[in-house]
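**Q** In terms of UniProt numbering, the sequence shown is numbered consecutively and its last residue is 204.
Idealized CB from N, CA, C, for every residue including glycine.
One structure follows; several queries about it will come next.
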Amino acid sequence: MKKFNKLGKSLIGAATVTCMLFAAGMTGVPYYGSSFVAKSKVSKSYKAAKKITADEAKRIALAHAKLAEKDVTFVKVELELEDNNRYEYDIDFYSGNVEYDYEIDAVSGAILSADKDIENYVIPTQPSTSAANTQTSEISVERAKQIALSHAGVGSARFKKAKLDYENSIKVYEIEFKVGNLEYEYDINVSNGAIISSSVEVDD
């Protein structure tokens, strides 16, 4: 009888262990384990991937913008891991009054996005000494070109247009020029040099 009880207890114990192992399998322990391994592989592959340096990313952005490092002011150069598990450099810098924003793949060095914005402002009108001077004084087309270049933050450009025109009954110079793959357009008041409108587009 004691022998039977001992044997019975052994069988019950083995059955209990078997049930626990079976239950553990049913509750997804193997799935959790495989998920963990997959995540580890992704993480290791990104860690092992050779990334460009921040200086290399800056050079890529500057080359695209056709600017020298001495002519710009960097405000942000950050390496970030995006939601799509891609490492990117987020780069912001200024040249004159133009702000440039770049996103660069940290592994391949490819430019993922590029953007530039010109901060709008109007050159203040210089007060004339007399009413007669106000009526007769007009800026030259060369002065209008310089105003446009200064506003664009560039030293020189290839001009496509520089002519007199009227915008809403105001006498203006229509100025168009290109710098690299960027095309600029300005309307400048002939009487006082104020910028009536300005725009910049990427010319593909």
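Decide if D187 is buried, meaning its Cβ has at least 16 other Cβ atoms within 10 Å, or exposed.
**A** Under this definition D187 is a buried residue.
**Q** Tell me which residues share the same chain as K189 and place their Cβ nearer than 7 Å to its Cβ, disregarding the 5 neighbours each side in the sequence.
**A** Looking at the sequence itself, residue 189 is Asn, so the reference to Lys does not match. Counting only Cβ-Cβ distances below 7 Å, and skipping sequence neighbours, we find I170, V172, I196.
**Q** Just mark G193 as buried or exposed, buried being the case when its beta carbon has 16 or more other beta carbons within 10 Å.
**A** Counting Cβ neighbours within 10 Å, G193 comes out buried, since at least 16 surround it.
**Q** How close, in whole Å, do the beta carbons of I139 and K161 come, if the pair is a contact with beta carbons under 8 Å?
**A** Between K161 and I139 the Cβ distance is about 17 Å, and since that is not below 8 Å, they are no contact.
**Q** Leaving out five residues before and five after K178 in sequence, what residues of the same chain have Cβ atoms less than 6 Å from its Cβ?
**A** Excluding positions up to five away in sequence, the list reads R158.
**Q** May I have the straight-line CA-CA distance separating T134 from S113, to the nearest angstrom?
**A** At T134, the pLDDT of 45 sits below 50, so the modelled position is not reliable and the matter cannot be decided from this model.
**Q** Could you say which of A65, A57, K50, E56 lies nearest to D115 if we only look at CA atoms?
**A** Closest by alpha carbon: A65.
**Q** I'd like to check one pair, I118 with residue 215: are the Cβ atoms closer than 8 Å?
**A** Outside the displayed range of the chain (1 to 204) lies residue 215, so it cannot be described from this structure.
**Q** Could you tell me the boundaries of the alpha helix (DSSP H) in which I118 lies?
**A** Not the alpha helix (DSSP H): I118 falls in the beta strand (DSSP E), residues 111-118.
**Q** So, are the CB atoms of D90 and E99 less than 8 Å apart?
**A** The answer is no: Cβ separation not under 8 Å.
**Q** Would you say I188 reaches chain D, if we count a Cβ-Cβ gap shorter than 8 Å as a contact?
**A** No chain D is present in this structure, which holds just one protein chain.
**Q** For L81, which residues from the same chain have a beta carbon less than 6 Å from its beta carbon, with the 5 sequence-adjacent residues on both sides left out?
**A** Only Y87 meet the Cβ criterion.
**Q** Might you give, ordered along the chain, the residues of its own chain that have their beta carbon closer than 8 Å to the beta carbon of E56, omitting 5 neighbours on each side?
**A** Around E56: G109.
**Q** Looking only at C-alpha atoms, which of V72, L149, S95, K50 sits nearest to V107?
**A** It is K50 whose Cα lies nearest to the Cα of V107.
**Q** According to DSSP, which residues form a beta bridge with A162?
**A** BP columns for A162 point to I175.
**Q** How many angstroms separate the CA atom of S137 from the CA atom of S156?
**A** Looking at the two C-alpha atoms, the distance is approximately 26 Å.
**Q** Mapping the DSSP letters down to three states, classify L149 as helix, strand or coil.
**A** In the structure shown, L149 sits in a helix (DSSP, three-state: H, G or I).
**Q** Here's the rule: buried if 16 or more other CB atoms are within 10 angstroms of the residue's CB, otherwise exposed. What is E103?
**A** Buried: at least 16 other Cβ atoms inside 10 Å.
**Q** Alpha carbon to alpha carbon, how far is V154 from T73? Give it in angstroms, no decimals.
**A** Going by the C-alpha atoms only, they are around 14 Å apart.
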